[in-house]
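Following: one structure in structure tokens, then a few remarks.
Protein chains in written order, with our numbering: chain A, 111 to 629; chain B, 676 to 1003.
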């Protein structure tokens, strides 16, 4: 027995071999399934992009697994090397498939429908009809019927050299749709990449009555795209005039549930007149090529701290972060200068304070019905002068001494709006001046997102066309025998085509009708 | 917002009534399957001696093959007309109208579409699944899927009413959008078609196994279409579901851009919607791949539908994300 000897493959041969493998349908399928599988871990572990705080908590809770996950880039799954490798390979495979198919399809679009097969009776939907009449007229009529049904037609000669059959094909749009779908997916990938690279996202907390400008320095957090430059930030500023939430009051089962947020702002673009505008959830504001979204809100109590002589050393709003649906809010106020000692205060704001049976305070409604602020006061080195950035919303009390609160001689300070209470140790006083609201705004610019949508819609239209337009061939052959005509009809499906038999029958019926045959 | 509690109670009564009628329909569909088994078993038993069953005695000297006496007796009786099937379909239709009423009353009571939390979504999506089941009968006789579809609907309604039930509350600002109507409704439609596709794929796998000599006890399979026919039917149903799912994905991205400030952010729900889309894209490619037609593609359809169910239940309840609208 002689074994098959493979010809040795040179480097080019291997390249061609791998290209063939990569662009095969089987590889595309495996890459698709692999992509589905690879997307799973990112849903199990918090992601830096969508849930940065979750990542911090996860790291703290799982100190042994976290480094392993870090190594495999699981916290950034969707931009990880392995996830990117899969989808890039998939798209290379897709391109390698689409290019030859496009060439082939362009040829098919120009080509005549193929020659009528010799044996039509082996094909689906085969049927014969016997009619009287002229063979040439019957062939012409068949061609007219097929043309009127959207078929591309060609006449083929029989044994005697005269045309005796019509070959017809329709549904080229099916393959066109398929190619449009795949090319549009490439378009989606590219425009997503371009938009992500040229875009930016910035977040900023703004208190009622304050304003901010669209510049790098004014954002609390900022995520630029890879190709971002400062010049992309169009100069505008937004002043927050008022923020009005509406809470459910009638439905007893949903008391206090937010049903509307209305933010009134005044926007100013470069050298332009200030314009009032409204921002709501689901209704962002378009401004200078970016969109401004209302993402969150809460209270920002204004505390005024005075020294022993009554001179105000601190007076500004501090955003308190909401902890529950009734907006019990937690905040940290640091006063590093002006008093004899540096002090920090950790406070809870209860917009509608009630005293629980345990004696603890709670809020039972999100609006300011009976606002109460409690403050625990610490003194010591706040660590703000060593140049290391600290979290404005957190307080590390390890090196601080509590001077008012549960662990101190002076009890927790409790304030209502307008109330002023002395700080311990004769440091001075603290006053709750007012309780304005803050909003958390996001400014997002993605110059390519309209293109992403366009390609997505193209992909969907291509998909629908490629799945539901039937591509089929139909043949009609006329042969004279015994003074009458035998007409054969048959079809062939190209791709999934449940309606083929019915289509052939329909062609036959229309043809008979045209030839004047009573059905 | 004042909730019309009378309408809420109508809705609850209607959903329990629908479940009761569905249960009867489910029993009828199951009886129909067993009738199919009986009507198939009779001639088979009459024609072929069957070994190693009840009534077969091995005497050691050589196997004595005798006819199964019960089957032999059954072969003399006429197989009953498919009245179970007709009764099951009639009950399903009645149950479905009441089920639709439940969704309608819920929507009227809330003054919005009845799919803004998990309970309402279970209520409406199952109505759509059953509706798609009824609708496809106009296209092809798939009544044999009744036991599967109604079993699924009953399970979903049971869990929905007992574990997911919440009172009617107003929509939070993020859900106050026309996209709630479109995005969620089309997702439910897609789910309906995927469910029918998965049901067909399960039967397809059973058929393929039976032909290979595996499942012999499920004799009703003899009365059902062959595996290749089921595969084609499943494909045609699933591609419709796939188109709806693609639309859901795009509509969701458009809405997310409005509500959350970005069109795609790999939120857990977005991830799973993407995974499902990719699985079904794989399913469609599998049909054009040698070695992947048949049972392998059927498994993909079943895995895809399982991912849809997983996405609605486990992801909603246990995964952290922005789609936190279960109301639980």
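For every residue, glycine included, the Cβ atom is placed at its ideal position computed from N, Cα and C.
Because the structure is a prediction, the values reported are computed rather than measured.
Taking C-beta atoms as the reference points, residue 896 of chain B and residue 882 of chain B count as a pair closer than 7 Å.
Where residue 538 of chain A is concerned, the enclosing beta strand (DSSP E) starts and stops at 538-544.
It is roughly 6 Å from the alpha-carbon of residue 551 of chain A to the alpha-carbon of residue 403 of chain A. When DSSP states are grouped into helix, strand and coil, residue 430 of chain A belongs to the coil group.
Sequence-ordered contacts of the region 552-586 of chain A with chain B read 552, 553, 554, 556, 559, 562, 563, 566, 567, 569, 570, 573, 574, 577, 578 [C-beta pairs closer than 9 Å].
Contacts with chain B at 7 Å (Cβ-Cβ) do not include residue 396 of chain A. Assigned with DSSP and collapsed to three states, residue 607 of chain A falls in coil, not helix or strand. The closest CA to that of residue 157 of chain A, considering only B:992, B:949, B:942, is found on B:942.
Contact annotation: residue 582 of chain A and residue 607 of chain A have beta-carbon atoms nearer than 7 Å. With a contact defined as Cβ atoms closer than 8 Å, residue 481 of chain A and residue 317 of chain A miss out at about 16 Å. Between the region 191-199 of chain A and the region 217-237 of chain A there are fewer than three C-beta pairs closer than 8 Å, too few to call the two in contact. For the 7 Å CB-CB criterion, residue 442 of chain A and residue 413 of chain A do not form a contact. Residues of the region 976-989 of chain B that bring their beta carbon within less than 7 Å of a beta carbon in chain A are absent altogether. Residue 160 of chain A belongs to the set of residues whose beta carbon lies under 7 Å from a beta carbon in chain B. Going by C-alpha positions, residue 939 of chain B is about 43 Å away from residue 453 of chain A. When CB distances to chain B are screened at a threshold of 9 Å, the residues of the region 154-188 of chain A falling below it are 154, 156, 157, 159, 160, 161, 164, 187, 188, in chain order.
Residues of chain A with a Cβ closer than 8 Å to the Cβ of residue 933 of chain B are, in chain order, 392, 393, 394.
Secondary structure note for residue 353 of chain A: it is in no alpha helix (DSSP H), and the uninterrupted beta strand (DSSP E) holding it is 346-357.
Here residue 838 of chain B is exposed: its Cβ has fewer than 16 other Cβ atoms, across all protein chains shown, within 10 Å. Residue-level contact check: residue 361 of chain A touches chain B, since one or more beta carbons of chain B fall below 7 Å from its beta carbon.
The three-state secondary structure of residue 336 of chain A, taken from DSSP, is coil. Counting the other CB atoms within 10 Å of its CB gives residue 680 of chain B a total below 16, which places it among the exposed residues. For the region 140-151 of chain A, the set of residues with a beta-carbon nearer than 7 Å to any beta-carbon of chain B comprises 142, 143, 145, 146, 149, 150, in chain order. Residue 117 of chain A counts as exposed, since fewer than 16 other C-beta atoms from the protein chains shown sit within 10 angstroms of its C-beta. Shortest Cα-Cα distance from residue 428 of chain A to any of A:440, A:170, A:419, A:370 involves A:440. Bounds of the beta strand (DSSP E) holding residue 554 of chain A are 547-555.
Bounds of the alpha helix (DSSP H) holding residue 561 of chain A are 559-578.
Near chain B, meaning a CB-to-CB distance below 7 Å, the residues of the region 337-371 of chain A are 358, 360, 361, 363, 364, 367, 368, 369, 370, 371.
Secondary-structure assignment with DSSP links residue 267 of chain A through a beta bridge to A:273. Counting along the chain, the unbroken alpha helix (DSSP H) around residue 869 of chain B starts and ends at 853-886. Under the 7 Å criterion on CB atoms, residue 960 of chain B is classed as interfacial with respect to chain A. Contact of residue 608 of chain A with chain B by beta-carbon distance below 7 Å involves 911. Residue 600 of chain A carries a strand assignment under DSSP once its states are collapsed to helix, strand and coil. Taking 7 Å as the threshold, the shortest C-beta distance from residue 516 of chain A to chain B does not fall below it. Think of a sphere of 7 Å around the beta carbon of residue 405 of chain A: the chain B residues whose beta carbon falls inside it are 936, in chain order.
Between residue 798 of chain B and residue 778 of chain B, the CB-CB gap stays under 7 Å.
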